[in-house]
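See structure below.
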Amino acid sequence: MSMNMCTGGVRRDAMVNLDTAPIRDQELLADVITRVIGDVRHIAVGNASPIPATAALLARARGHGMPYVSLLQSRKHNFFTDGGRELFDCAGQGRVDVFFLSGGEIDGAGNINLVGIGDYEKPAVRFPGSFGSAHLYYVVPKVVLFRTEHSRRTLVPRVSFISAPGGSAPNVYRPGGPIALVTNRCLFAFDRERRRFRLDSVHPGHSVAEVAENTGFDYDCPQIVGTTPVPGHDTLRLLRQVVAPQLAEVYPQFAAAVFGVTGH
Amino acid sequence: MPVMAPTIEDALAPIRDGVMLAVPREVAGVPMEATRALIRRGVRNLHLVALPTSSLQADLLIGAGCVAVLETSAVSLGEFGAAPRFTAAIMAAAIRMKDATCPALHAAFQAAEKGVPFMPLRGIIGSDILAHRPDWRVIDNPFGGNDPIVLLPALRPDVALIHAPMADRAGNVWIGRQRELATMAHASAKTVVTVEKIVDDDLLDDPVLAAGTLPGFYVDAIAVAENGCWPLGLPDRYGADFAHIGEYARMAATAEGFARYVDEYVHGRRAA
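Protein sequences appear in the order of chains A and B. At position 163 of the first sequence the residue is numbered 162 (numbering that gives the first Met the number 0), and the sequence of numbers has no breaks. At position 93 of the second sequence the residue is numbered 92 (numbering that gives the first Met the number 0), and the sequence of numbers has no breaks.
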């Protein structure tokens, strides 16, 4: 394989200046997610998750090839050879350490709703569907919830439909579950024992009061809440030089909008 | 031996009104040319099972009025947002939805593949998906104690419809690493395949190719549909036509726009 194949002939139509371009929200969120994930062996990323995919590829770029990263919709960043079921079988075996889930609604107990609002048979709002959440949320040890619209519409007291619950009864097999919720405003950590979120840090430019105003569920708020650290120069270089061209294969619109990278 | 059909329309004959039709996920090779042919023929009352999710294919079939029951884990246009005709049909209660979760569908197909009545799966307990699936059961693990686990009944579709890069003259179909296509064929009573091309060599003669080959034994009909996934992609062959999918998303946002799309791209267009 030639070097050119590795990047798939990426063009940079609107080249991001590596040193002077301001830090984008997506870069900050990817950096936060990478820190929350910690040291792991295998990160898998499902559908419609460009920021988590960015975080997973960033973790791999920092680790010089480790952890393993499986982008489900990717041909290049995906080692599975046993069809669509292999991810789920792999997770069931305990071989997927990290996965990402979102929701049209997320509540304070970590329940997620990917189905809809209102009567199930004739809903007022319909979302795409539950994907693999009703299995992966139970068996993947570190599930990071992400939602880039932090509002009372999305972070609700109680979801209308539980695609997958944040916690389970003690007799239900459940080695996995949520560890954190990353939004465009802040980072919440999840306490599995108490099934509650705690405000961990607020992103630069946002405030504790603003988080309270825009969150529909109850959560623990410490006396002092720090500001989320911004990604450093080395992280930004990795994101813009290494990760961005890799993203363009699966998320062409995202890669173009955020990094000015087109084609793959 | 599979019928080598002279046209896509001939190959699609087993897909009659009312059948349970299995189709694959977006990255596995979605037979879009065949899907347009089904819409042109006016197929009705399908029980569409998308393993485990769908995008443009399910949205088109639903919008064109071909689907009575949809069984899948999600329908979306990915970066292009919600699948508009799916969303509208659910909100109008125009189709019956059987929500699932991806590994449950894989497991139900594997049960049929093995010829057993059900498959157990971890998770799901406490999800409202289970509350709306009276056909799914929870039992206590007979090998453990106080260990509830979900059982999924086997899914045995009438017809699986798939697209693959190539077939040989004996009807063996090369699917590469898209292994769920083999599972779909094993689980379904009949399998219809469109392919990019027919090759003269026997795919089972080459051990490298044979490992990624669905034997013609499981296949009922094959037709050539060059560029047959368009505007979706075929792994390792060609990418998706994102500009067109964006155009679809814009047009299908309204019923009138969808009708124009179908006129232009389904009825107006023939196989390239």
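Glycine included, C-beta positions come from ideal geometry on N, C-alpha and C.
Looking only at C-alpha atoms, which of the options sits nearest to residue i?
| i | options | result |
| --- | --- | --- |
| Gln56/B | Val68/B, Asn44/B, Ser75/B | Ser75/B |
| Ile94/B | Phe117/B, Glu70/B, Leu150/B, His105/B | Glu70/B |
| Gly144/B | Val207/A, Asn170/A, Leu113/A, Val257/A | Asn170/A |
| Phe145/A | Gly102/A, Leu86/A, Arg157/A | Gly102/A |
| Tyr130/A | Phe189/A, Ala47/A, Asp30/A | The sequence as given places Phe at residue 130/A; Tyr does not occur at that position. If we check each option's Cα against that of Phe130/A, Ala47/A comes out closest. |
| Gly267/B | Val18/B, Ile38/B, Ala12/B, Arg24/B | Ile38/B |
| Ala12/B | Glu225/B, Asp219/B, Leu104/B, Gly211/B | Asp219/B |
| Tyr136/A | Pro177/A, Val155/A, Ala211/A, Pro156/A | Pro177/A |
| Gln109/B | Leu180/B, Trp229/B, Asp205/B, Ile244/B | Leu180/B |
| Val114/A | Pro127/A, Ile105/A, Arg84/A | Pro127/A |
| Cys228/B | Ala153/B, Val68/B, Ile148/B, Leu160/B | Leu160/B |
| Thr80/A | Arg176/B, Arg132/B, Val265/B | Arg176/B |
| Glu26/A | Ala90/A, Val143/A, Gly231/A | Gly231/A |
| Gly114/B | Leu208/B, Ser187/B, Gly215/B, Arg249/B | Ser187/B |
| Thr33/A | Gly117/A, Val210/A, Arg94/A, Val242/A | Val242/A |
| Thr52/B | Thr34/B, Gly62/B, Ala99/B, Glu8/B | Ala99/B |
| Ala163/B | Gly122/B, Tyr264/B, Leu231/B | Leu231/B |
| Thr261/B | Pro30/B, Glu8/B, Gly41/B | The question names Thr, yet the displayed sequence has Val at residue 261/B. Val261/B has its Cα closest to that of Gly41/B, out of Pro30/B, Glu8/B, Gly41/B. |
| Gly91/A | Val138/A, Arg84/A, Lys121/A | Val138/A |
| Arg178/B | Pro234/B, Ile244/B, Ala242/B, Phe85/B | Pro234/B |
Would you decide whether residue i is buried or exposed? Buried here means 16 or more other CB atoms lie within 10 Å of its CB.
| i | result |
| --- | --- |
| Met0/B | exposed |
| Tyr237/B | exposed |
| Gln245/A | buried |
| Asn171/B | buried |
| Val181/A | buried |
| Thr6/B | exposed |
| Met65/A | exposed |
| Thr253/B | exposed |
| Asn44/B | exposed |
| Lys141/A | buried |
| Leu78/A | This sequence places Phe at residue 78/A; Leu is not what is there. Its Cβ having fewer than 16 others within 10 Å, Phe78/A is exposed. |
| Asp58/B | buried |
| Gly37/A | exposed |
| Asn213/A | buried |
Pull up the DSSP beta-bridge partners for residue i, would you.
| i | result |
| --- | --- |
| Glu104/A | Asn112/A |
| Pro119/B | Leu150/B |
| Glu70/B | Val48/B, Lys97/B |
| Leu213/B | Val172/B |
| Pro177/A | Val142/A |
| Val171/A | In the DSSP output, where bridge partners are listed per residue, Val171/A has none listed. |
| Met19/B | His46/B |
| Cys220/A | In the DSSP output, where bridge partners are listed per residue, Cys220/A has none listed. |
| Met183/B | Partner(s): none; Met183/B has no beta bridge. |
| Arg195/A | Asp190/A |
To the nearest whole angstrom, what separates the beta carbons of residue i and residue j, a pair I think is in contact under 8 Å?
| i | j | result |
| --- | --- | --- |
| Ala73/B | Val191/B | Wrong, their Cβ atoms sit about 24 Å apart, outside the cutoff. |
| Arg173/A | Gly215/A | Contact doesn't hold; Cβ gap of about 26 Å is too wide. |
| Ala222/B | Ala21/B | The Cβ separation is near 18 Å, so there is no contact. |
| Tyr218/A | Leu198/A | 6 Å |
| Gly109/A | Gly165/A | 2 Å |
| Ile50/A | Leu28/A | 5 Å |
| Asn112/A | Ser162/A | 6 Å |
| Thr234/A | His202/A | Actually they do not touch by this definition, with Cβ atoms about 15 Å apart. |
| Ile138/B | Leu150/B | 6 Å |
| Leu60/B | Arg24/B | So it is not a contact: roughly 15 Å between Cβ atoms. |
| Pro83/B | Ala251/B | 5 Å |
| Pro156/B | Met19/B | 4 Å |
| Asp88/A | Arg157/A | Between Arg157/A and Asp88/A the Cβ distance is about 33 Å, and since that is not below 8 Å, they are no contact. |
| Glu120/A | Ala92/B | 6 Å |
| Gly83/A | His105/B | 6 Å |
Counting only the same chain and skipping the five closest in sequence on each side, list residues whose C-beta sits under 6 Å from that of residue i.
| i | result |
| --- | --- |
| Glu78/B | none |
| Val39/A | Pro66, Asp96, Val97 |
| Glu8/B | Ala36 |
| Gly117/A | Ala123 |
Which same chain residues, not among the five before or five after residue i, have their C-beta less than 7 Å away from its C-beta?
| i | result |
| --- | --- |
| Ser73/A | Glu248, Val249 |
| Gly198/B | A quick correction: the sequence has Val, not Gly, at residue 198/B. Contacts found: Met165, Asp167. |
| Tyr217/B | Ala184, His185, Thr190 |
| Val210/A | Arg184, Cys185, Leu198, Val201 |
| Ile124/B | Val137, Pro147, Val149 |
| Asp16/B | Val42, Arg43, Asn44 |
| Arg125/A | Gly115 |
| Arg194/A | Ala108, Gly109, Gly165, Gly166 |
| Arg94/A | His41 |
Given residue i, which residues of its chain have a CB within under 8 Å of its CB, disregarding the five upstream and five downstream residues?
| i | result |
| --- | --- |
| Met0/A | Unreliable positioning characterises Met0/A in this predicted model, as indicated by a pLDDT of 28, which lies under 50. A coordinate reading is not provided. |
| Ile89/B | Met96 |
| Ala52/A | Val44, Leu70, Leu246, Val249, Tyr250 |
| Ala81/B | Ser75 |
| Arg249/B | Gly256 |
| Val194/B | His162, Ala163, Pro164, Met165, Ala166, Val172, Ile221, Ala222, Val223, Ala224, Gly227 |
I'd like to confirm something about residue i: is its beta-carbon nearer than 6 Å to some heavy atom of the ligand SAH, or not?
| i | result |
| --- | --- |
| Pro230/B | Ligands displayed in this structure: none; no statement on the ligand SAH is therefore possible. |
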